[in-house]
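Here the structure comes first, spelled out in structure tokens, and everything after it is commentary.
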Amino acid sequence: MAVVFQKPKALTDAPLHYCPGCTHGIIHRLVAEAIDALGVEGKAIGVAPVGCSVMAYDYFSCDMVEAAHGRAPAVATGLKRAFPENVIFTYQGDGDLASIGMAETVHAAARNENITVIFVNNAIYGMTGGQMAPTSLPGQVTQTSPYGRDVTTAGYPIKVSEMLATLDGPEYIERVAVNSVKNVKAAGKAILKAFKNQVEGKGFSLIEVVSTCPTNWGMTPNDALKWVDENMIPYYPLGVYKDKSAQKEEK
């Protein structure tokens, strides 16, 4: 009997600890499928900082390094420079990457470090109890914004992909989502391209994945998927924000 669907080799057999309806598991699988497709499991090194993904070392069968909160791009830079033949990726949430780690992200992108960044944007601090994040939407209720995010005092959400796309350095920036079969397939292609760019030595690639957090959003898994469609994606439009190689081909 032909096998038509199976677990990627780059994932371990450990049960995921994520909440029901959380899409971290889908994103993990897409990353693992990219590693499998390129045959780089033996030389891949993932960097997981503080956040819901802090236990990623249990789930990926490649080498993993723990980084301090927000410092994953800096750690990944050091790893890539020390081991240029290895494939280095970071796996970060929005509280980590877009808040305490914003400087590391911006400067790694500006230098066009040859690393791959997987940025999970669920508009809230997930692991630490549901506080307002840099990506929380205007009016969004969180533990620290019980009346909704007030942009007059908290400012507007940070659109990471749009911001990084203004830099000259990055090779490839794309925002995807994993709330439907169609979007999951598109996300898989984007993540694979981001890893392939690194293998080909093209430089910094970041894939922003619009994700869910049913627990801290106070929703059922199904309602959380709808909320992504109705609220997250309109504010964070999906698409390619920078692709140097494609731009060169067009010229």
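The sequence shown stops at residue 1226 when you use the numbering used here, and every number in between is there. Heads up, the beta-carbon is just placed ideally off N, CA and C, and yes, glycines get one too. Here the structure is a predicted model, which means the values were calculated and not measured.
Span of the alpha helix (DSSP H), counted from its first residue to its last, around residue i
i: Glu1225; result: Lys1219 to Glu1225
i: Gly1163; result: Val1156 to Val1174
i: Asp1011; result: His999 to Leu1013
i: Val1126; result: Val1126 to Ala1129
i: Ala1023; result: Element bounds for Ala1023: not the alpha helix (DSSP H) but the beta strand (DSSP E), Ala1019 to Ala1023.
i: Val1050; result: Ala1047 to Ala1057
i: Thr1110; result: Taken as a continuous stretch (DSSP letters only), Thr1110 belongs to no alpha helix (DSSP H), as it is neither H nor E.
i: Ala1031; result: Where Ala1031 is concerned, there is no enclosing alpha helix (DSSP H), given that its DSSP letter is neither H nor E.
i: Ala1199; result: Pro1196 to Trp1202
i: Glu1149; result: Looking at the DSSP string, Glu1149 is not in any alpha helix (DSSP H); the run it does join, the beta strand (DSSP E), is Tyr1147 to Ala1152.
i: Val1095; result: That residue, Val1095, is in no alpha helix (DSSP H); its beta strand (DSSP E) goes Thr1091 to Asn1096.
i: Thr1065; result: Premise fails: Thr1065 lies in the beta strand (DSSP E), Val1062 to Gly1068, not in any alpha helix (DSSP H).
i: Pro1189; result: Pro1189 to Trp1192
i: Glu1205; result: No alpha helix (DSSP H) contains Glu1205, which DSSP labels as neither H nor E.
i: Ala1078; result: Met1077 to Ala1085
Residue i versus the options, residue with shortest Cα-Cα distance
i: Phe980; options: Glu1008, Gln1222, Glu1041 and Leu991; result: Glu1008
i: Leu1139; options: Glu1175, Ala1085 and Pro1109; result: Ala1085
i: Lys1160; options: Ala977, Ile1002 and Lys982; result: Ile1002
i: Met1102; options: Leu1213, Met1030, Glu1175 and Val1203; result: Met1030
i: Tyr1100; options: Val1116, Thr1141 and Ile1020; result: Val1116
i: Lys984; options: Met976, His992, Gly1017 and Leu991; result: Gly1017
i: Thr1119; options: Leu1112, Met1107 and Thr1127; result: Met1107
i: Lys1168; options: Tyr993, Phe1064 and Thr1190; result: Phe1064
i: Met1207; options: Val1135, Ala1098 and Ala1162; result: Ala1098
i: Glu1146; options: Asn1197, Asp1011, Lys1157 and Lys1219; result: Lys1219
i: Lys1217; options: Val1135, Leu991 and Asn1158; result: Val1135
i: Val1153; options: Thr1141, Leu1213, Gly1104 and Leu1142; result: Leu1213
i: Thr1141; options: Pro1196, Lys1164 and Asn1087; result: Asn1087
i: Ile1020; options: Lys1164, Thr1195, Val1050 and Ala977; result: Val1050
i: Ile1182; options: Val1203, Asp1204 and Tyr1211; result: Tyr1211
i: Asp988; options: Arg1004, Met1194, Gly1105 and Lys1164; result: Arg1004
i: Tyr993; options: Ala1165, Thr1127 and Pro1196; result: Pro1196
i: Glu1175; options: Gly1076, Pro1209 and Glu1060; result: Glu1060
Exposed unless 16 or more other CB atoms sit within 10 angstroms - verdict on residue i
i: His1224; result: Strictly speaking, residue 1224 in this sequence is Glu, with His absent from that position. By the neighbour-count rule (16 or more Cβ atoms within 10 Å), Glu1224 is not buried but exposed.
i: Phe1058; result: exposed
i: Val1151; result: buried
i: Ser1180; result: buried
i: Lys1055; result: buried
i: Asp1125; result: exposed
i: Thr1110; result: buried
i: Thr1080; result: buried
i: Pro1121; result: exposed
i: Ser1155; result: exposed
i: Asn1191; result: buried
i: Asn1089; result: buried
i: Asn1158; result: buried
i: Thr1052; result: buried
i: Ala1043; result: exposed
i: Val1199; result: The residue asked about is misnamed: residue 1199 is Ala in this sequence, not Val. Answer is buried; the Cβ neighbour count reaches 16.
i: Val978; result: exposed
beta-carbon residue i near the ligand MN non-hydrogen atom, thresh 7 Å
i: Asn1158; result: With respect to small molecules bound, the structure shown includes none, and the ligand MN cannot be examined in it.
Integer Cβ distance of residue i from residue j, believed to fall under 8 Å
i: Gly1068; j: Val1095; result: 5 Å
i: Pro1048; j: Val1006; result: The Cβ separation is near 16 Å, so there is no contact.
i: Lys1201; j: Leu1013; result: Between Leu1013 and Lys1201 the Cβ distance is about 34 Å, and since that is not below 8 Å, they are no contact.
i: Ser1074; j: Gly1045; result: 7 Å
i: Val1215; j: Glu1149; result: 5 Å
i: Val1062; j: Gln1173; result: 6 Å
Delimiting residues of the beta strand (DSSP E) encompassing residue i
i: Asp1038; result: Asp1038 to Glu1041
i: Leu1181; result: Ser1180 to Val1185
i: Val1135; result: Run containing Val1135: none in the beta strand (DSSP E); it sits in the alpha helix (DSSP H), Val1135 to Ala1140.
i: Val979; result: Counting along the chain, Val979 falls outside any beta strand (DSSP E), and DSSP gives it neither H nor E.
Cβ contact (3+ pairs, closer than 8 Å) linking the stretch 1125 to 1142 and the stretch 1021 to 1038: no
Spell out a yes or no on whether the stretch 1023 to 1031 and the stretch 1061 to 1075 are touching, meaning 3 or more CB-CB pairs, one atom from each, closer than 8 Å. yes
Are the stretch 990 to 999 and the stretch 1175 to 1194 touching by the rule of at least three beta carbon pairs closer than 8 Å? yes
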